[in-house]
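One structure is given below, encoded as structure tokens.
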Amino acid sequence: MQSKNLKIKLIKRVTTFVKERYQLGSVGIGTPHTVGPIKGRRRIQPTANRTFIARLWSRTGVLSLMLALAGGCTAGAWAYTETDAAVVSLKATRYDDRVLLEWQTGHEVNNVGFNIYREENGNLTKVTPEPIAGSALMAGPGFLIRAGLAYSWWDKHPKGDDTAVRYWLEDIDVSGQTAMRGPFGIEEPLTGSSAAPAEKGKVSLLSALGREVSEESSAERTTRPVERMAGMVKLKPAMMGTQALVASMPAIKLLVQREGWYRIEQPQLVAAGLPANVDPRRLQLFVDGLEVAMRVTGEQSVKGKQGDGEFVSGEKDGTFDPTDAVEFYGIGINSASTVNHVYWLVAGSQNGQRIRTNTAVKRASPIPEPFAYAVERRDKIIYFSALKNGGGEKFYGPILYNAQPVDQSLVLQNVASDGSATLEVSLQGFTFTPHLVKVMLNGSEVTTVEFDGQGKGTATVTIPQSSLIEGHNQVQLIGPAGYSDMSLVEYVRVTYQHTNTADGNALRFPGTGKQMTTMGGFSNASVRVMDVTDPTAVQDLNGVVMQEGATFSVSALVPGTGARKLLAFAEDQKKTPARMIADEASSWRTTGLDVDYVVITRKELVSSIQPLVTQRANQGLKTAVVSIEDIYDEFSFGNKSPQAVKDFLLYAKLNWKKAPRFVVLAGDATYDPKNYTGLGDFDLVPTKLIETNYNEAATDDWFVDFDGD
Numbered sequence: 000m001q002s003k004n005l006k007i008k009l010i011k012r013v014t015t016f017v018k019e020r021y022q023l024g025s026v027g028i029g030t031p032h033t034v035g036p037i038k039g040r041r042r043i044q045p046t047a048n049r050t051f052i053a054r055l056w057s058r059t060g061v062l063s064l065m066l067a068l069a070g071g072c073t074a075g076a077w078a079y080t081e082t083d084a085a086v087v088s089l090k091a092t093r094y095d096d097r098v099l100l101e102w103q104t105g106h107e108v109n110n111v112g113f114n115i116y117r118e119e120n121g122n123l124t125k126v127t128p129e130p131i132a133g134s135a136l137m138a139g140p141g142f143l144i145r146a147g148l149a150y151s152w153w154d155k156h157p158k159g160d161d162t163a164v165r166y167w168l169e170d171i172d173v174s175g176q177t178a179m180r181g182p183f184g185i186e187e188p189l190t191g192s193s194a195a196p197a198e199k200g201k202v203s204l205l206s207a208l209g210r211e212v213s214e215e216s217s218a219e220r221t222t223r224p225v226e227r228m229a230g231m232v233k234l235k236p237a238m239m240g241t242q243a244l245v246a247s248m249p250a251i252k253l254l255v256q257r258e259g260w261y262r263i264e265q266p267q268l269v270a271a272g273l274p275a276n277v278d279p280r281r282l283q284l285f286v287d288g289l290e291v292a293m294r295v296t297g298e299q300s301v302k303g304k305q306g307d308g309e310f311v312s313g314e315k316d317g318t319f320d321p322t323d324a325v326e327f328y329g330i331g332i333n334s335a336s337t338v339n340h341v342y343w344l345v346a347g348s349q350n351g352q353r354i355r356t357n358t359a360v361k362r363a364s365p366i367p368e369p370f371a372y373a374v375e376r377r378d379k380i381i382y383f384s385a386l387k388n389g390g391g392e393k394f395y396g397p398i399l400y401n402a403q404p405v406d407q408s409l410v411l412q413n414v415a416s417d418g419s420a421t422l423e424v425s426l427q428g429f430t431f432t433p434h435l436v437k438v439m440l441n442g443s444e445v446t447t448v449e450f451d452g453q454g455k456g457t458a459t460v461t462i463p464q465s466s467l468i469e470g471h472n473q474v475q476l477i478g479p480a481g482y483s484d485m486s487l488v489e490y491v492r493v494t495y496q497h498t499n500t501a502d503g504n505a506l507r508f509p510g511t512g513k514q515m516t517t518m519g520g521f522s523n524a525s526v527r528v529m530d531v532t533d534p535t536a537v538q539d540l541n542g543v544v545m546q547e548g549a550t551f552s553v554s555a556l557v558p559g560t561g562a563r564k565l566l567a568f569a570e571d572q573k574k575t576p577a578r579m580i581a582d583e584a585s586s587w588r589t590t591g592l593d594v595d596y597v598v599i600t601r602k603e604l605v606s607s608i609q610p611l612v613t614q615r616a617n618q619g620l621k622t623a624v625v626s627i628e629d630i631y632d633e634f635s636f637g638n639k640s641p642q643a644v645k646d647f648l649l650y651a652k653l654n655w656k657k658a659p660r661f662v663v664l665a666g667d668a669t670y671d672p673k674n675y676t677g678l679g680d681f682d683l684v685p686t687k688l689i690e691t692n693y694n695e696a697a698t699d700d701w702f703v704d705f706d707g708d
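Each residue of the sequence shown is one higher than the one before, starting from 0 at the first, in numbering that gives the first Met the number 0.
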């Protein structure tokens, strides 16, 4: 791979242990190129014109170094060799009326699980009621899935002639094939260890894998409307100037996860770092390189060049008072790396774009008609590492196995009485065999899903609206009996006819330009209607609120032409961003930098990494510590993405006065950057997850493979 006379090649990955809290001075640099242990450390000795990329891991205490030297580019990901389950030991130990069965695997690939059989007088009896889950799948918290480690199971078997009893271990792979291992006899515990070990036998049965988590998540919590979401936007040359300017100004980053109307009070923004003396007229909102129309309460609506109802003058006194607030329409992001869509509230040098109010004359409201509305359930509780799906996410819902019904119920609100609906089910094949899954709705079979191997199976069936009920609708998925046909739930979706009634005082619904629309069912009169067809240029429809018995309705004239997207909500349904972060201005997108040694890390870790940086500077290297947040800000509009790191390194290589020779990624990475497992946010400096022959693996050399070879 060649670019600017610099070739990059991964030679090997070296690991060693370092102390907690990034005591990184234990890594040394010298000459010429050798790699070897020095008093428990690793010393990397480069020569000229070589580029090194390294990752420093803290929580696990592992330091991984990737040496990038002259030549081509090779993959640096670690992957298992092709073996289903390399069982290295089997053991059965007697403890009173129970036998502890233990086995150890060296490593596993595509191992579905294990069965245990007891042999007595030539007869085999299955000990496990169903397979113990292997490591082909990784599940969420509470499910012990051991990959290349130890398994155990208790067999309740009274003591007798143990010499006549033997055990067999059966392992199952994703093709449905099985292999028997054994036999192994019963042993007595070692002297002084006759007490039964309480920590043994804690494993998950295959059919329960992920199901307890799924069923504990009620339908009320897991049913969500199919919301509008933004996609990841690649930074194009035309956007670079705007984003560079935004990242260099005083700003508050607003992290949005769900679609809705957002309101942030002035005291909240000041506490987050916005200057209290900011001129509210100069506040601007940006997302993905585009300015977004917003509202600052307290501004005055005046007639001017931009038209009637345009908020252009700001508050009369030009101050951002504690009673003021910022409001805008926000949407989440569809990304494998983050759940946070970053909006930038900037104290700019010119008036910001403001939400227009539609002042058109209202006409009589039509009779409300139902409209199509979609809700879905997407449980993310099982990690399918071995799946090849083009680099997409590999988290799914519960596993379908051995004719065990899997509940994927949904909650529907304001179901209209007439019309038709659709039920859509999407599954992911786990085993390599053909799949056949029955779909049950409220006790009746409505369709089947048929597909092959580790592909995706989807079925969409039209159903009468009368088959749906208000509230809890039971959806069950049932596969055939046996080992061979196993699949995972991706999502279940229902699109039904919804009455013109708000769900919990808010609803997004369709409208038609130049026609009146009405939405009812609000519990109070503080209701607003917005045209959100263009999420960057929202319009306030200035709706008319009417009381109808114990509830309220709002009517408005829809602007524009053709199909429009509308959002109606009461004041109590305004949302708050998941987080608000003061941006620290940065300017790494420049051409004058002369740096040999770049450390990419989180700002919280800079003090721990500084001794290493100082050591490198004392050795004559020009150093720079770059916050990973600054990279996101300048190369990904603030949105977390491994691609941003790669784009930053490519920019530095091509545009800096001197291309960096060393790059250190100082911080943990994880296969679960969106924290589906609930174990915490450990994705401090992301890695790149790639698909290998056998499983998904992490690679850092991808960051310097600029031509994809």
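Every residue, glycine too, gets a C-beta built ideally from N, C-alpha and C.
DSSP-derived helix/strand/coil call for residue i
i: L204; result: strand
i: G530; result: Checking the displayed sequence, the identity of residue 530 turns out to be Asp instead of Gly. If DSSP states are grouped into helix, strand and coil, D530 belongs with the strands.
i: L620; result: coil
i: W655; result: coil
i: L268; result: helix
i: E258; result: coil
i: P558; result: coil
i: N692; result: coil
i: G175; result: coil
i: M238; result: helix
i: S465; result: helix
i: Q283; result: strand
8 Å Cβ shell around residue i - same chain, five flanking residues per side excluded
i: I366; result: none
i: N276; result: T318, F319
i: V426; result: The amino acid occupying residue 426 in the given sequence is Leu; Val does not appear at that position. Hits under 8 Å: L399, H434, V436, V448, F450, K455, G456, T457, L476, S486, L487, V488, E489.
i: E187; result: T92, R93
i: P369; result: A415, D417, G418, Q496, H497, T498, N499
Cβ distance (whole Å) where residue i is taken to contact residue j below 8 Å
i: M518; j: A501; result: 6 Å
i: I580; j: R601; result: Incorrect: roughly 13 Å between the Cβ atoms, too far for contact.
i: S554; j: V543; result: 5 Å
i: V597; j: L565; result: Not quite, the Cβ-Cβ distance comes to about 48 Å (not below 8 Å), so this is no contact.
i: D667; j: N674; result: Not a contact, Cβ separation roughly 13 Å.
i: S719; j: L99; result: It is not possible to answer for residue 719, since the shown part of the chain is limited to 0 through 708.
i: E633; j: Q242; result: 7 Å
i: M529; j: Y261; result: With a Cβ gap of about 12 Å, M529 and Y261 do not count as contacting.
Residue nearest to residue i in terms of C-alpha spacing, selected from the options
i: E101; options: N109, D95, I185; result: I185
i: N504; options: D632, G181, N413, E690; result: N413
i: V493; options: L649, E423, G559, H471; result: E423
i: F394; options: N120, P224, S416, F429; result: F429
i: T698; options: D629, D680, L678, T669; result: T669
i: G452; options: T432, S465, M439; result: T432
i: A292; options: L620, G272, V703, R353; result: R353
i: V374; options: V245, K574, Y261, L506; result: L506
i: Q256; options: V625, T575, D582, G591; result: T575
i: R223; options: D533, K387, G548, Y372; result: Y372
i: R563; options: F647, A402, F508; result: F508
i: H471; options: S217, S552, D706; result: S217
i: Y116; options: K645, P182, A135; result: P182
i: D571; options: V605, R527, P685, L289; result: R527
i: T461; options: T589, V445, E290; result: V445
i: F705; options: N122, K645, A569; result: K645
i: S607; options: A665, Y650, A651; result: A665
i: E119; options: G105, S151, P128, T162; result: T162
Residues near residue i by beta carbon distance below 6 Å, same chain, minus five either side
i: A616; result: T622
i: T296; result: D323, A324
i: Q473; result: S408, N441
i: G591; result: K656
i: N350; result: R280
i: Y631; result: G637, K639, A643
i: E226; result: E258
i: P321; result: Q265, P266
i: A584; result: S247
Touching or not, the segment 225-243 and the segment 330-346, by the rule of three or more beta carbon pairs under 8 Å? yes
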